[in-house]
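Line by line, the protein sequences give chains A and B.
Residue 810 is where the first sequence starts when you use this note's numbering, and the numbers rise one by one after that.
Residue 810 is where the second sequence starts when you use this note's numbering, and the numbers rise one by one after that.
Structure first, commentary second.
There are 2 protein chains.
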Amino acid sequence: MPVLVMKFGGTSVADLDRIANAAAKVRAEVERGHEVIVIVSAMSGKTNELVKWVSETATFYDAREYDAVVASGENVTAGLMALRLQEMGIPARSWQGWQVPILTTSQHGSARFIDIPRTNIEQKFAEGMKVAVVAGFQGLSPENRITTLGRGGSDTTAVAFAAAFDAVRCDIYTDVDGVYTTDPRITKKARKLDRISYEEMLELASLGAKVLQTRSVELAMRYKVRLRVLSSFEEVTETSGTLVCAEEDIMESKAVVGVAHSREEAKITLFTIEDRPGIAAAIFGPLAEAGVNVDMIVQNISEKDYDEAHPGAVTDMTFSCPVDQVPRARRAMEEARARGAINYDDLIIDDDVAKVSVVGIGMRSHTGVAARMFTTLAREGINIKVISTSEIKISVLIDRKYMELAVQALHDAFALEGAGRS
Amino acid sequence: MPVLVMKFGGTSVADLDRIANAAAKVRAEVERGHEVIVIVSAMSGKTNELVKWVSETATFYDAREYDAVVASGENVTAGLMALRLQEMGIPARSWQGWQVPILTTSQHGSARFIDIPRTNIEQKFAEGMKVAVVAGFQGLSPENRITTLGRGGSDTTAVAFAAAFDAVRCDIYTDVDGVYTTDPRITKKARKLDRISYEEMLELASLGAKVLQTRSVELAMRYKVRLRVLSSFEEVTETSGTLVCAEEDIMESKAVVGVAHSREEAKITLFTIEDRPGIAAAIFGPLAEAGVNVDMIVQNISEKDYDEAHPGAVTDMTFSCPVDQVPRARRAMEEARARGAINYDDLIIDDDVAKVSVVGIGMRSHTGVAARMFTTLAREGINIKVISTSEIKISVLIDRKYMELAVQALHDAFALEGAGRS
């Protein structure tokens, strides 16, 4: 019997009525002939309550105890969902992470999957169980302690189960009805995509379209799990939501499928640094150790004259990071300079920038995407501060005040309002 | 190093401040040189919330799912308590039932202990851990499912751990400061006992002095666990609380140590039943099946004349049960009569009675306790409806309106206000 994985997030199981609503969607899939594995989050608000208790109890908390406390929210939902399904006459039972068992590493708070053995759940399916309700976000370490996967980890749990059980699809039920060409709060022309490739979804997820956890999309791509994002609060049809799938499952490929944005960015430039092998490592090593998530990096050849202070070739280095990490980045650079690991004349921070990106696998075959993007921004009078590109993405840093304007103009320029691709 | 078990009930861990207060008491015991096993209940109110969710989700719930949901409350407290202790600099960790593992039968909702292997916890003690915080009330079935022991099961967990680890003592922290000679709400002369024997405590617990779960006292008696009941909200000293211990640890033995009462009792009499072998089984079998907790039983030889309807010897049978079980008891009797299993002329219910008991191991050596009890009640004009005795207890059923008067008079008559025994 084909296995389907369905995942319900916190807002989809926020109270008993919503659990009943989610259970009805599960029943519909059982009636369509699936064996279903349901992954549940904690009832919305519960995880925050538990996290608050932990941080009020201990300043520097033991991550193992944090995990043991925080994982309990999902256990409650799993039991209630199983009960609700049973009440509807569907053979169901709950599974906590250690019961499956969901084997993970010991990195508490951000554990990684090692293995999800199928034996226990498959045996129950063989005995007539139709639905296995699994507590998301958690696992079991080699030391027999409860681990968690980090916030949003239930998406990842769902994909991992879909991979482990060769599921026909992994449906992620959430409070939005799919992935959009851009943020609908910025332009009403934003349109739901019927399909998107893993690669595009990854770029969009990491660029700030917070529908799916990046890690879950990576996992889906690696194991070719067909992922569908859809709303818990709407009737489900064949065309509901957005299917995240392999490139070859997408017929038409427009050059650009979406415009992403990230508002709280900062740009940091180190002026007049030595241009020598190892200088990048000397800069970005300390930043990584300080926990700074460096995003774009640009190195300019500086055409300065030779001077006594800098006898070798010199250059400038610019990078971006989230604006709230600027103090950490500055301290890391100052410390590195103080101990002689790097040398720079000046460190300039621009913490008033935003990032706008266009994404699409079609870029590989369509030429002129970059040109059109830059022309569009120029026409609006928007200055580009940094450019960075990947095979399927072009990102620019611009003044933050132009962010909405840039998104709207690019959405128009690439005709994203047009008929959806399928 | 001597192991001490400390158990904190729901009101003792109701919020983060109270958890901190309980943790301070644990620290004091660590400083006195103990390795401590702490058994915690759910934060007060939490279990009720979870139970409510379960019963609102499913009418006839799967007890296995009920247990999985309801046990999560204790897991939260265990983690928070471990964190709080760590914050105080005490090496501690939490243990959920399946991690110890606490092996129980599969009777979900009222599971029984099979074994509590010491290996895992002892290994951590050997590595320098000072406190193992264990989630009470739960265990693990042979099918790898979470079980619970029934309400109040955390007391039983505590005693079972004390037995398994040969603990020097099992301290039960609660919201009262010990076991009293009688209910202080009925007479201000009620006095805290310093010591009480297991047998006496069992009689008092089952008679309505709700300080300790009956099952936990039974278990303590079987394994000779020294149990101390004391308040979470008072300074702990050497003489705090009440020690429940073996008879030989009690120096002085007064005839009577306490007067217990149970308000909501009912008396049911079956008139003119056949007096033949097997008639008691024919009556009390159906009552047990109907879930009626029969307490006192009295059979009178009826001196009625022979008549046609009852050719053999006849008798009357009287028993008592909690007043809310009367409808069930009546139905069970009527059904048994309808199918010819028993025969009676009349069934009379008196649902306006209460039970008052005097308890004391000293009764075995002191004579005249019954006589003094009956004389005292007679002097107050209280009619005795049923009498039942055990080796260390005399109970009577009386009109409910006289209950307080009877307790007060007996407390005076046996001089329980006097100096405590030790």
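Quick reminder that beta carbons are idealized off the backbone N, C-alpha and C, glycines included.
Residue-level contact by beta carbon fails for residue 927 of chain B and chain A, as no gap is shorter than 8 Å. If you draw a straight line from the Cα of residue 829 of chain A to the Cα of residue 1134 of chain A, it comes to about 42 Å. Judged by DSSP secondary structure, residue 894 of chain A falls within the alpha helix (DSSP H) whose first and last residues are 881-896. Interface residue (Cβ-Cβ distance to chain B less than 8 Å): residue 908 of chain A is classified as such. When the alpha-carbon of residue 1159 of chain B is set against those of B:1206, B:1187, B:1124, the nearest one is in B:1206.
Between the stretch 1135-1147 of chain B and the stretch 1172-1180 of chain B there are fewer than three inter-stretch CB-CB distances shorter than 8 Å, so the stretches are not counted as touching. Cβ neighbours of residue 1037 of chain B within its own chain (closer than 8 Å, five residues either side excluded): 978, 979, 980, 981, 1049, 1050, 1051, 1052, 1053. In this structure, residue 819 of chain B lies near residue 851 of chain B, with their beta-carbon atoms less than 8 Å apart.
Linking residue 1150 of chain B to residue 1109 of chain B through their CA atoms gives a straight-line distance of about 20 Å.
Within the stretch 859-880 of chain A, the residues whose Cβ lies closer than 9 Å to some Cβ of chain B are 859, 862, 863, 865, 866, 867, 868, 869, 870, 871, 873, 874, 875, 876, 877, 878, 879, 880, listed in chain order. For residue 1189 of chain B, DSSP assigns no beta-bridge partner whatsoever.
Shown here for residue 1106 of chain B: same chain residues with a beta carbon closer than 6 Å to its own, the five before and five after excluded, namely 1128 in chain order. Identification of chain A residues near residue 885 of chain B by a Cβ-Cβ cut-off of 8 Å yields 859, 862, 878, 881, ordered along the chain.
Going by beta carbons, residue 986 of chain B and residue 1043 of chain B fall inside the 8 Å limit. Only 887, 888, 889, 891, 892, 893, 895, 896 from the stretch 886-899 of chain B bring a Cβ to less than 8 Å from some Cβ of chain A.
Contact annotation, residue 1069 of chain A with residue 1168 of chain A: C-beta distance approximately 6 Å; criterion of less than 8 Å satisfied. Between the beta-carbon of residue 906 of chain A and that of residue 937 of chain A there is about 24 Å, and that puts the pair past the 8 Å contact cut. The DSSP-derived three-state label of residue 975 of chain B is coil. Close partners of residue 825 of chain B in chain A (Cβ separation under 9 Å): 862, 865, 866. In the three-state reduction of the DSSP assignment, residue 1208 of chain A falls in the strand class, which pools E and B.
Around the C-beta of residue 970 of chain A, 16 or more other C-beta atoms lie within 10 Å, and the residue is accordingly described as buried. The alpha helix (DSSP H) runs of length 4 or more contained entirely in the stretch 1021-1062 of chain A are, from start to end of the chain, 1023-1032.
Within chain A, the C-beta atoms nearer than 7 Å to that of residue 903 of chain B come from 874, 877, in chain order. Checking the DSSP bridge columns, you'll see residue 1131 of chain A partnered with A:1074. The closest CA to that of residue 1172 of chain B, considering only B:1164, B:1025, B:1200, is found on B:1200. For residue 1010 of chain A, the enclosing alpha helix (DSSP H) begins and ends at 1007-1015.
Residue pairing from DSSP places residue 1068 of chain B in a beta bridge opposite B:1167.
Identification of residues in the stretch 952-985 of chain A having a C-beta nearer than 9 Å to some C-beta of chain B yields 953, 954, 955, given in sequence order.
Relative to residue 924 of chain A, the option among A:1153, A:909, A:991 whose CA is nearest is A:909. When secondary structure is reduced to three states using DSSP, residue 1202 of chain B falls in the strand class. In this structure, A:873 is the residue among A:896, A:873, A:894 with its C-alpha nearest to the C-alpha of residue 885 of chain B. The Cβ atoms of residue 1202 of chain A and residue 1073 of chain A do not sit closer than 8 Å to each other.
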